[in-house]
Every structure is written in C-alpha cells, then in structure tokens.
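Protein chains in written order, with the working numbering: chain Z, 4 to 260; chain X, 5 to 286. Every residue, glycine too, gets a C-beta built ideally from N, C-alpha and C. Presented below is the structure to which this report refers.
This is the structure we're talking about:
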C-alpha cells in the first residue's frame, strides 16, 4: 500500500502548465527523491500534494483516501507534513514557539476556541513530542528561547524540520533541503534524515536541485523536467544513466571519472 | 500651570482612545499584515450603538451589547478583507478596508442620522487633584488603554493563540502548511481588535460626541499612534497614543483648536523620525 500517491496530477497557473500529468508514489518508510532543474514544477507538485494548490486535474491520495483539494490542515492531520523551500520559520517567535505551533496547527480547525481547547487538553502529549524533537535535534534545545529569525540558515532548517515533526508525520516532504547551506551542514542534515527514516519510520520525500544529495539519500528517484516525469527508478540505476550524469551530476559522458 | 496640567489630563484621556485604536491596528497588522483603515469605524459603531440601545435599556448593558455587535461586524469585515480562503494580498486587503470605511460612513449615516451623539459618563462628579479636575471617565479610558496594552502583550507573547496570530503574519505560507487557517486567524484578530476599539468608542462618546463621520479622524490618530511603534509594538503604540493626545490638547489650549490635528501629526512625524534614527544608530 502506498502512503502518498499522486495520480496523473496537472497544476495550472492560468494558462501556464506547471505540472503536466505527473504520477508519483511514496510507500511507508520509503525515501524518495524528486529532482529536476529550476522551474520544472517540483514545488508546484509538492504544493498540490500538501493542499496549498488545487490540481487542475488528477487525484491526490493518502493511504487510498482521496484528499484532492483538501485543506493543508487536513493533509497534516493525515500524516503528511511539508518543510517549505526557504524554510519560512516564524522569525519573530522563539524557536520553542515555532515548534509548539507545529503541534497546534495539527489540531487547528476552522473554529479557534475548540481548536485551542483540543490543543490544551493534549498538552502532555505535546510536551512529550517536544522532548522527542529536542532529543532528535539537540541544537534546538539550546536555541529554544532565541527568536527563530536570529538563528543561522542551518539552524532555521532544523527549526522548520522540527516544526514539521511536531505534527508526528508519517511522511516528511522537504523542499530544497540544501538551498543556501554549507555542504557540511547539508551532510549532517542528510544523515539526520536517514536516521529519522530508519529509526522512527518516517517516510521522506526530498525535493532538491542537488541530484548527488538526492541519489545518496534516497532509494528511489523521479526526474521532473518542464512539468513531466522523464525518468524514474532506483537511485543506483539512475546514477549510471548518461543523460542524468550530464544534466544533474555535473559530468558529461566524456567527463573523466 | 494648572491649565497645563488640566490639558495634559484631558490629553491623556483622548490619547488613550488613540492608543486603544493604535493597539488594535497593531494587533490586526501583526496577525494579518493588513492595515485596517476601517478601524476607527468600530469606535464610532461602539458609541452610536450604545447610544441607540441606551434608549431602551441600562447604559452598562447597552455598552456591552455594542461591543459584542461591533465584534460581529468586525468578523464580517475580516472575511471581506482577506477573502474566503484568506489569501487576498495585503495591499488589496488594505484597499478593501478603505472601501469598507467609506461604505460604513454611508451606512452609519442612514442608520443613526447625522447628529453627533453622547450619553452620560460613568459619573458626573470629578476628582479635584490640586486644582486639576480629573473625571472618572478619563481615568477609565486611561485604565482600559493600560490594561489592553499589558493584556495584548502577554497574549501575543505567551499564549499559543497569540503566537499563532504572529506566526500567520510572519509567514502566511508556513502557517498554512502547519495547518493554521488564515481566514480564522484574521477573524480572531479583527474581532478582538474590533471589540477593543469598540470599548474605546463606548467610553469616548460621553467626553467627545461621536457621529457617523468621526471614524476617519479616529483612524488617522490611531494610525499615527501605531506607526510610532512601527505598527508592531503594542507598548510604543500606547505611548504614541498618549503623546499624540497630549500634544493635541496643548495645541487646543495654547495655540488654536483648528490646527490641533495638523500640528499633532507633525510632532508625531518628528518623533517617529527621531526614534528611527536612534534605531539606526544602535
């Protein structure tokens, strides 16, 4: 059974087609990458999966439940959380408040009073979850009082990941993990994601422009170009393909290896 | 010197209203990124509804109902301003609130007539403090402004709902992604700010009669107070409101009532410039 399934999804902005009939699936506990150049439609596809935009056609399913056009909140409640491109931490709020809001968002419905009561009643679970996230990302415990906007890029990426983890997702979709971060930092975040996947069983959908990162991190990958999937398969198979090497791994067929 | 202090006392009381409106604007701005140019209308609505209802019931009950009615109206304004999905751009929302302010004047004129309305104050006695007369109404206004400042600061900093409001303006996209509903957030911010401004209006009307057209002046003064705090600081919006009120009264007392708003706004402009220079220097 698949955890997240996109079936022939098309996303349009007015006349422009950003995603053109893409199908993609992530199984529970799987690590899947979605790579492709700038403007290929990776973020649009992710946003369609997370309920930020409604696909023009096609279906989105989570464990066989049709969630096409559902609100981002209901997607989060079904266990799919997104770490957005550019991290988007709540800059003026302390790191801990950023994390707690991840748990509040999960129980938030249209009506604020009952949402808040639901959150307050689950306070003990929220505290436990907060401790788990602090254990997974100990750096955040040190930074708990600091406004999230005053932390480094790598720390903000941790805040954004921690905030998503507060909703106890079964699938974590990460848009541009490596963007603007030092290679060493990216490496340790990647190792963290593998640990999260193997020890906690959280499936990972990684969207990144860096194909080498995506291939080393994920078992399976999709290549998206101008809104269509041009290649898909096991990472170790894709790495060897000449068209992948030339376009994404910075070495043409003639490049010395 | 007694005159001076008397003017300061009156200034702090009218300034409290500006502060209340200013803090309401800050609350809405910090939650939604929108400057609500219809905010002053809520003060007018509070005053006029209280007046109308007080013909049929006790003043206290009328005042409470007026605050409730205004909060409900503010809810409607919120949905119109941010759209059903809560995704109208900030600039478009701001222009919509200007439209609502103009529309509201027409509705208020049709519903309540053009006569400025007032009703009796909390008490018609006044405390004599060394020759300066302090009306309980003034004290009530100043107290409400102070309590609102403390309450709002704690609300935004310490409560999960307040933090959710701040988060939604910090990054609307991330707020949506974690499951917050932007329209609900806007509704809460507008309703709270509407209720607060209405309390200001209810308390203001006994000292300064309000009419359908008072909204704009109240908005401008509240906006000046809010801008003093860069539209984000509750504390500075409070101080800005007090300062604006006092300067206006001093102009009324010593120069010419005709120019009070112009001179007060000019002084505010200088203060804001001075404050932001200090920030750059730090």
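Within-8 Å CB hit, residue i to chain Z
i, result
"residue 38(X)", "no"
"residue 177(X)", "yes"
"residue 285(X)", "Because the pLDDT at residue 285(X) is just 41, under 50, the model does not fix this residue reliably, and the value given afterwards should be weighed accordingly. So no, residue 285(X) is outside the interface."
"residue 183(X)", "yes"
"residue 164(X)", "yes"
"residue 43(X)", "no"
"residue 59(X)", "no"
"residue 10(X)", "no"
"residue 27(X)", "no"
Residue from the options whose Cα sits closest to the Cα of residue i
i, options, result
"residue 101(Z)", "80(Z), 136(Z) and 172(Z)", "136(Z)"
"residue 55(Z)", "250(X), 248(X), 260(X) and 179(X)", "179(X)"
"residue 49(X)", "177(X), 129(X) and 206(X)", "206(X)"
"residue 248(X)", "159(X), 15(X) and 143(X)", "15(X)"
"residue 81(Z)", "241(Z), 89(Z), 63(Z) and 131(Z)", "63(Z)"
"residue 126(Z)", "143(Z), 114(Z), 249(Z) and 104(Z)", "104(Z)"
"residue 193(X)", "81(X), 22(X), 20(X) and 117(X)", "81(X)"
"residue 97(Z)", "168(X), 122(X), 117(X) and 240(X)", "168(X)"
"residue 123(X)", "184(X), 51(X), 266(X) and 113(X)", "51(X)"
"residue 231(X)", "54(X), 277(X), 175(X) and 69(X)", "277(X)"
"residue 216(X)", "154(X), 98(X) and 106(X)", "106(X)"
"residue 6(X)", "42(X), 199(X) and 257(X)", "257(X)"
"residue 221(X)", "114(X), 44(X), 241(X) and 87(X)", "44(X)"
"residue 167(Z)", "156(X), 162(X), 160(X) and 184(X)", "184(X)"
"residue 17(X)", "236(X), 209(X) and 273(X)", "209(X)"
"residue 213(Z)", "234(Z), 117(Z), 27(Z) and 41(Z)", "41(Z)"
"residue 274(X)", "238(X), 228(X), 239(X) and 260(X)", "228(X)"
"residue 13(Z)", "5(Z), 27(Z), 197(Z) and 108(Z)", "27(Z)"
"residue 48(Z)", "29(Z), 175(Z), 156(Z) and 25(Z)", "25(Z)"
"residue 223(X)", "40(X), 20(X) and 35(X)", "40(X)"
"residue 45(Z)", "244(Z), 229(Z) and 248(Z)", "229(Z)"
"residue 280(X)", "233(X), 262(X), 259(X) and 238(X)", "233(X)"
"residue 16(Z)", "6(Z), 51(Z) and 9(Z)", "51(Z)"
Any C-beta of chain X under 8 Å from that of residue i
i, result
"residue 107(Z)", "yes"
"residue 121(Z)", "no"
"residue 87(Z)", "yes"
"residue 104(Z)", "yes"
"residue 100(Z)", "yes"
"residue 175(Z)", "no"
"residue 245(Z)", "no"
Residue i: contacting residues in chain Z (beta-carbon distance under 8 Å)
i, result
"residue 76(X)", "Within 8 Å Cβ-Cβ: nothing; residue 76(X) doesn't reach chain Z, min ~15 Å."
Residues that residue i bridges to, as DSSP identifies them
i, result
"residue 96(Z)", "Its beta-bridge partners do not exist; DSSP assigns none."
"residue 85(Z)", "176(Z)"
"residue 32(X)", "Answer is none; residue 32(X) lacks a bridge partner."
"residue 65(Z)", "7(Z) and 68(Z)"
"residue 60(Z)", "13(Z)"
"residue 100(X)", "Note: residue 100(X) sits in no beta bridge, so no partner."
"residue 228(Z)", "231(Z)"
"residue 207(Z)", "34(Z) and 175(Z)"
"residue 28(Z)", "8(Z)"
"residue 237(Z)", "223(Z)"
"residue 150(Z)", "97(Z)"
Partner residues on chain X for residue i, Cβ-Cβ distance less than 9 Å
i, result
"residue 162(Z)", "Correct list: empty, because the minimum Cβ distance to chain X is about 10 Å."
"residue 113(Z)", "185, 187 and 188"
Cross-chain neighbours of residue i in chain X, by beta carbon under 7 Å
i, result
"residue 95(Z)", "170 and 174"
"residue 6(Z)", "Simply none; closest approach about 18 Å."
"residue 166(Z)", "182"
Contact list for residue i against chain X, beta-carbon separation under 8 Å
i, result
"residue 55(Z)", "177, 180 and 181"
"residue 170(Z)", "182 and 183"
Within chain B, partners of residue i - CB distance below 7 Å
i, result
"residue 141(X)", "The structure shown contains no chain B; the protein chains it does contain are Z and X."
Which residues, in chain order, does the segment 188-215 of chain X contribute to contact with chain Z at a C-beta distance below 7 Å? 188 and 192
Residues of the segment 75-95 of chain X with Cβ closer than 7 Å to any Cβ of chain Z, in chain order: none
Got a sec: which bits of the segment 245-274 of chain X sit with their beta carbon under 9 Å from any beta carbon on chain Z, in order along the chain? none
Please list the residues of the segment 51-78 of chain Z that have a C-beta atom closer than 9 Å to any C-beta atom in chain X, keeping them in chain order. 53, 54, 55, 74, 75, 76, 77 and 78
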